[in-house]
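Peer 1: Take this structure, written in structure tokens, and hold onto it; I'll ask about it next.
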Amino acid sequence: MALDVWKNRGVPLDRQRFDWRDLVRTPFSKLDDDAFSRVRVILMNGIEAEASRFSHACARMNKPLQLQLARVRRVEQHQQTMVNWMLPPDQSPLETTIAYEQVAIEVTASIALHEPDPYMKQTYNFGLLEDFDHLYRYSALLDRLEGKDSNNILQSYTDIVPGRPTILHHRAPEDDLREPYDRKTAHPVTKLNALTIMAGEHQTHDYYMNVGPTFADPVARMLYAEIASVEEQHVTQYESIIDPYESWLEKWLLHEASEVYNYYSCMQQEKNARLKDIWTRFVDYELGHLHYVGDLMRVVEKRDPEELVPAEMPEPIGYESHRAYVREVLANEVGVRAIGTIYTEGAESEATIAYRERMNAQGSPSEIVAAGYVWAPGGELAHDGAASGGGGRPSVPSTERRAP
Amino acid sequence: MRFDTATGMNRTGIGLSPIDAKELIEAASRTSPPPGGPEAADVVRASYAADAEVLGSMPPPTTLRGAGAAAVEMLKGERLPAFTDKLGERLAFERTGTRIYEAILAKSMDAQDEPRVADIDELRRFHDQERQHFDLLREAVIKLGGDPTAVTPSADVAAVASTGIVQVVSDPRTTVAQCLSALLITELADHDGWTLLARLADDLGYDELAASFRQALAEEAHHLARVRAWVTGATLAEAEPGRTASESG
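If you read the protein sequences in the order shown, they are chains A and B. With numbering that gives the first Met the number 0, the residue at position 205 of the first sequence is 204, and numbering never jumps. With numbering that gives the first Met the number 0, the residue at position 73 of the second sequence is 72, and numbering never jumps.
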């Protein structure tokens, strides 16, 4: 039965409680759990990070809302902790980076597929091809620096090939802005999609900014610097598609709706019982937040929140491989560029070209790290015909067992 | 019984998804990568290496005696800091080593459902000896006029190299046998570290220190032999379930 968010009030805010042991649980298994469990954990951390970011910005500009924001934000702080602490400690920052890009690719593809507004869909496809290329560059780094195969993390769901080359992602700020949806006419799913992607990209940016300097290797440090810069452009792009004239309370309400929607999507598809418990519990917590903010809206703005958020949530995000869709977008849209808020078939502004030339003046980290890189199962060293270090291929010993 | 190698739903290999794998491999085979090869990154690394500064310096002597000793050593054409750097490395290593043993001891005592792969009393004794070695080094650094709380460059390198070992032994999901494999890396390094330190003390004429260090080395050699035997025993017990770990340990 579909969830009716206005009939189901979830768990009231004052009954949303945690303790430290409850917050810090046994993480999922890097080896045994499905890649999409990891994808959900990372995305939901991003959704909660955005809840916190929004809530603080709102509190700084709305004295009358500060107490209510603080109450909800305290719960969301702990929701984010419980979710993000499910990441396992044997997953290195670079492996986690691979997973972040898988989130960006598969979640963006699902959202693009479900997006009714063609301009928004084009925007998602535009960003998708860039994150797709980041995955290829980071895979080369993981293989060549740590001697690891990124497909151990991706589990064959996502292709590891170049997209729109990262060297071309660097645009002047004016070419990263897009037209926003219209708060009065946009379909509710358009609003939820935009918030979800903005949240995901913002946490990706912040993650790269935090882990980039933890690498010793200068090529890794440069690659994180370059891709973090592109993620900053993506945040600029995705926040600009959201109508800036929504009221603060309207934005808050939509944030809570997006949290209900995303936890509900996770809950429906999760196979790991421990994660499913978390998603289920947090659907109820988020319903509590949605009603809390809805009630505030009725009092403060004298508006009916049910006019902004439909009772029934849109089709859930598809946590599955979008290989065919990504390939189609890659084939048809890799040459798309942007001038201002308009997509072009390749034309770019002088400002973008000048900016890009300046940034790439001493070489491009993303080109350097992937020079000649072709992914192969087990890493490029396992590739047939790959350089064998001069020793040639060893003869394969027999695996016959000695008779007892 | 909790085994290290029970077969389960490990999803990391490509063999688990034959249909997706075929797609993935075909797509990769059509890759047009950026020109060049891995040597492109070497050029960047060389350029950073040319500009690089050091990890850090040796701390200055903190006592007059230390300053005097350093001056005398300089006159003799010897560099005391090279010795105290290595003393600092072992000191930090033994401190971390003590913590590693604490973690493995706690895990061993909790691991009711695992086969007994290491002797608790021996683990406890090795822990105590690591602690004594830490104290010995602290005293040695102080007597040489150094600051035992400072992180020397070699201590920093050793600490970075040990981070993975601490991650392994502090993870509640790892078994005692898995932790012993990590501990073996520590003991191998420790054994060679003490060998070097005893040799340095000897060469520089610190006879009493050299004797103490040789005593520590003998203890470390025993740690290494036992940890090696435990790792071998645990693995053989896993491979040949009829055989117990204690038989081979």
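Even for Gly, the Cβ is constructed at its ideal location relative to N, Cα and C.
1. Measure the alpha-carbon distance for B:His132 versus B:Pro80 and round it to whole angstroms.
2. Quick check on the DSSP output: the beta strand (DSSP E) that includes A:Thr343 runs from which residue to which?
3. The beta strand (DSSP E) that contains A:Arg336, what's its start and end?
4. If the cut-off is 8 angstroms on Cβ atoms, which residues from the segment 14 to 34 of chain B count as contacting chain A, listed in chain order?
5. Apart from the five residues just before and just after A:Glu314, which ones in its own chain have a Cβ nearer than 7 angstroms to its Cβ?
6. Would DSSP call B:Asp109 helix, strand or coil?
7. By the three-class DSSP mapping on this structure, what secondary structure does A:Asp3 have?
8. So A:Val298 and A:Val4 are supposed to be a Cβ contact under 8 angstroms. How far apart are they, rounded?
9. Would A:Gly362 pass as an interface residue toward chain B - the criterion being a Cβ-Cβ separation below 9 angstroms?
10. According to DSSP, is A:Glu314 helix, strand or coil?
11. Candidates A:Ser91, A:Glu399, A:Lys120, A:Ala58: which alpha carbon is nearest B:Gln166's?
12. Would you call the segment 363 to 382 of chain A in contact with the segment 143 to 155 of chain A, where contact means no fewer than 3 C-beta pairs closer than 8 angstroms?
13. If you reduce the DSSP assignment to three classes, tell me which class B:Pro34 lands in.
14. For A:Gly293, collect the residues of the same chain with a Cβ closer than 7 angstroms to its Cβ; drop the 5 residues on either side in sequence, then sort them by chain order.
15. Which residues of chain B have a Cβ atom closer than 7 angstroms to the Cβ of A:Ala337, listed in chain order?
16. Under 8 angstroms: does the beta carbon of A:Arg280 sit that close to some heavy atom of the ligand GDP?
17. Exposed or buried, which one is A:Gln361 when buried takes at least 16 other CB atoms within 10 Å?
18. Can you tell me whether DSSP reads A:Trp247 as helix, strand or coil?
19. Taking Cβ to Cβ, would you say A:Arg136 is nearer than 9 angstroms to A:Ser365?
20. In this structure, how does DSSP classify A:Val373 when only helix, strand and coil are distinguished?
21. B:Gly67 versus chain C: which residues are under 7 angstroms apart at the beta carbon?
22. Quick check on DSSP: helix, strand or coil for A:Tyr135?
23. Compare the C-beta of A:Trp247 with all C-beta atoms of chain B and state if any pair is closer than 9 angstroms.
24. Tell me where the alpha helix (DSSP H) around B:Met8 begins and ends.
25. Please list the residues of the segment 143 to 159 of chain A that have a C-beta atom closer than 7 angstroms to any C-beta atom in chain B, keeping them in chain order.
26. Looking at the unbroken alpha helix (DSSP H) that takes in B:His221, where does it start and where does it end?
27. Note down the Cα distance separating A:Ser239 from A:Lys275, rounded to an integer number of angstroms.
28. Would A:Thr107 and A:Tyr118 be called neighbours here (beta carbons separated by less than 9 angstroms)?
29. Report yes if the CB atom of B:Val43 is closer than 9 angstroms to the CB atom of A:Ile367, and no otherwise.
30. Quick one: list the residues of chain A neighbouring B:Met8, beta-carbon separation under 7 angstroms, in chain order.
31. The alpha helix (DSSP H) spanning A:Glu47 covers which residue range?
32. Taking three-plus beta-carbon pairs below 8 angstroms as touching, is the segment 168 to 183 of chain A in contact with the segment 230 to 247 of chain A?
33. Tell me whether the beta-carbon of B:Ala287 lies closer than 9 angstroms to the beta-carbon of B:Ala215.
34. Return helix, strand or coil for A:Leu252, following the three-state DSSP convention.
35. Use the C-beta contact count for A:Pro26: other C-beta atoms within 10 angstroms, 16 or more gives buried, fewer gives exposed.
36. Measure the Cβ-Cβ separation of B:Val168 and B:Glu113 and say whether it is below 9 angstroms.
Peer 2: Based on what the coordinates show:
1. Their backbone Cα atoms lie some 20 angstroms apart in a straight line.
2. Looking at the DSSP string, the run of the beta strand (DSSP E) that includes A:Thr343 is 341 to 343.
3. 336 to 338
4. Leu15, Ser16, Asp19, Ala20, Glu22, Leu23, Ile24, Ala26, Ala27, Ser28, Arg29, Thr30, Ser31, Pro32, Pro33, Pro34
5. His113
6. helix
7. strand
8. That belief does not hold up - the Cβ atoms of A:Val298 and A:Val4 are roughly 19 angstroms apart, past 8 angstroms.
9. Yes - at least one Cβ of chain B is within 9 angstroms of the one on A:Gly362.
10. coil
11. For the residues A:Ser91, A:Glu399, A:Lys120, A:Ala58, the minimum Cα distance to B:Gln166 belongs to A:Ser91.
12. yes
13. coil
14. Leu252, Pro304
15. None at all; the shortest Cβ gap to chain B is about 23 angstroms.
16. The ligand GDP is absent from the structure shown, which contains no ligand whatsoever.
17. exposed
18. helix
19. yes
20. coil
21. Of the protein chains in this structure, namely A and B, none is chain C.
22. helix
23. no
24. First-last for B:Met8: undefined, no H or E at that position.
25. Arg143, Asn150, Asn151, Gln154, Ser155, Tyr156, Asp158, Ile159
26. 206 to 238
27. 33 angstroms
28. no
29. yes
30. Asp31
31. 34 to 60
32. yes
33. Chain B is shown only over 0 to 248; residue 287 of chain B falls outside these bounds and no answer can be derived.
34. Residue state for A:Leu252 is assigned as helix, using DSSP reduced to three classes.
35. With 16 or more other Cβ atoms from the protein chains shown falling within 10 Å of its own Cβ, A:Pro26 counts as buried.
36. no
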